[in-house]
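Here the structure is laid out as structure tokens; the discussion comes afterwards.
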Amino acid sequence: MAQAQALGGAGCDVVFAGPRRSPAFRKAVEAGLPAAGVELLGAAFPLGLASLARLTGRMRFDAVCVHRSEDQSAAVIASGAPVVRVRSDIRRPSSGPLARLIDARTALVVFSSPFMLRNGYSRGRKGPVACIPAPVDTGRFVPPPRREPGTRIAAVGRLSEVKGHAALIRAVARVPSARLTIAGAPAQLSIRDLEALAGSLGAGDRVEVVGRVEDVAPLYREAFLGVVPSLASEAVSRVAGEMMASGLPVLAAATNSLVDMVLDGRTGLLHPPGDADTLAGQIGYLLANPGIALEMGAAARERCVRLYSRRAVAEAWIETLRGAGFGTHEGAGGEHGAVERGITPGSGFNREDVR
């Protein structure tokens with residue numbers, strides 16, 4: 000969905016395809032993107048193939064861009080257009096015979112973070128690969144007009160052990176001036192679990208766990224520091240990007256994509272995953288040196304706009320697709336053709352064709 004909005008905003012003709020009842024489909028419609036209902040999960044797969052074939056038969060496509068294995072298989076079988084697979088999952092690609100066959104018929108594989116390439120996620124891939132980050136809405140996530148020195152820390156992520164909230168609470172408990180707000184839907188942990196931990200450490204009055212928040216942008220604007228303490232995961236750290244766009248210095252665990260997003264000592268600080276002592280020292284240092292924190296936050300915002308904004312990511316996609324030979328149809332109604340999880344026409348199209 001974010002990719003579709005970025006490319007659409009750059010002048011590409013974009014059609015979003017996916018299950019009609021999915022949140023992403025609803026958001027695509029709300030954003031004004033042409034959207035086609037294509038269901039490829041479970042027993043719906045055969046009908047989804049037929050829907051995809053009909054759609055691609057009516058329209059001219061430069062590419063079909065997919066984010067899941069089911070979509071990739073369907074696109075290879077039914078679309079008749081070059082297939083681009085986006086990999087932004089911490090799980091490694093399958094290496095079985097069927098997966099290799101599908102991969103051989105996939106024109107381009109795009110990884111969302113350099114750590115994936117460093118750690119061999121592209122091993123076995125004989126075709127072209129590229130690395131393009133996920134876009135951040137830098138128009139929605141913005142710093143306040145003037146950020147005053149403060150003590151409020153923001154952390155956003157589902158309440159799960161892998162997200163490292165326990166280490167963060169322990170760190171905050173060791174910095175008497177720090178106040179922490181944690182937003183995230185309960186998962187393996189509950190709100191009470193984290194509140195109980197904070198209370199046991201004598202920090203119950205300084206740690207607020209608010210659960211799921213529909214719009215976290217105000218939370219970032221009210222904070223002075225952002226922390227992403229994940230123990231693992233973070234193949235793509237949407238939260239780190241949002242914090243950077245909001246002008247926050249990001250204190251991040253040195254794991255996976257976070258080591259590429261956060262420039263240690265310039266846009267934030269990195270700590271060993273789960274190391275509450277080091278994190279506490281970093282929090283205390285930045286709260287005691289607000290000028291440095293503000294400089295880091297400004298640098299984080301600049302880096303995010305330059306590398307991760309919708310415009311920057313769309314330009315990277317367009318350059319990559321052109322370099323790989325996509326977008327060669329003549330008579331295009333738009334300047335570019337591009338895709339999101341489903342489809343993008345390489346020529347002008349009538350919205351009535353998208354059903």
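0 is the number of the first residue of the sequence shown in numbering that gives the first Met the number 0; add one for each residue after it. Where is the CB? At the ideal position from N, CA and C, for every residue including glycine. Because the structure is a prediction, the values reported are computed rather than measured.
- Contact check between the region 199-206 and the region 249-269: fewer than three CB pairs, one atom from each, fall below 8 Å, which does not count as touching.
- Annotation: the continuous beta strand (DSSP E) that includes I181 extends over 178-182.
- Relative to the Cα of V141, the nearest Cα in the group Y307, R309, R300 belongs to R300.
- Residue pairing from DSSP leaves G283 without any beta-bridge partner.
- For E147, the secondary structure class from DSSP, reduced to helix, strand or coil, is coil.
- P45 and L39 have their C-alpha atoms spaced approximately 8 Å apart.
- Between the region 109-123 and the region 74-94, the count of C-beta pairs closer than 8 Å reaches three or more; the two stretches touch.
- Within the same chain, F110, V128, C130 come within 8 Å of L116 by CB-CB distance, once the 5 residues on both sides are set aside.
- For V209, the uninterrupted beta strand (DSSP E) run begins and ends at 206-210, by DSSP.
- Beta-bridge annotation (DSSP): G267 is paired with V249, D263.
- Contact between A80 and L48 is absent: CB atoms are separated by about 14 Å, not below the 8 Å threshold.
- Counting C-beta pairs with one atom in each stretch, the region 229-240 and the region 203-214 have fewer than three that are closer than 8 Å, which means they do not touch.
- For V128, the enclosing beta strand (DSSP E) has its first and last residue at 128-130.
- Ranked by Cα distance from A216, the options E241, A195, G210 are led by E241.
- DSSP, read as helix, strand or coil, puts G47 in helix.
- Closest in C-alpha terms to A5, from the list G324, I317, R91, A298, comes I317.
- The beta strand (DSSP E) runs of length 3 or more contained entirely in the region 62-143 are, from start to end of the chain, 82-86, 107-110, 128-130.
- Around the beta carbon of S94, fewer than 16 other beta carbons sit within 10 angstroms, so the residue counts as exposed.
- Secondary structure note for A234: it is in no beta strand (DSSP E), with a DSSP letter that is neither H nor E.
- Two segments are said to touch when three or more pairs of C-beta atoms, one from each, lie closer than 8 Å; by this definition the region 66-74 does not touch the region 306-317.
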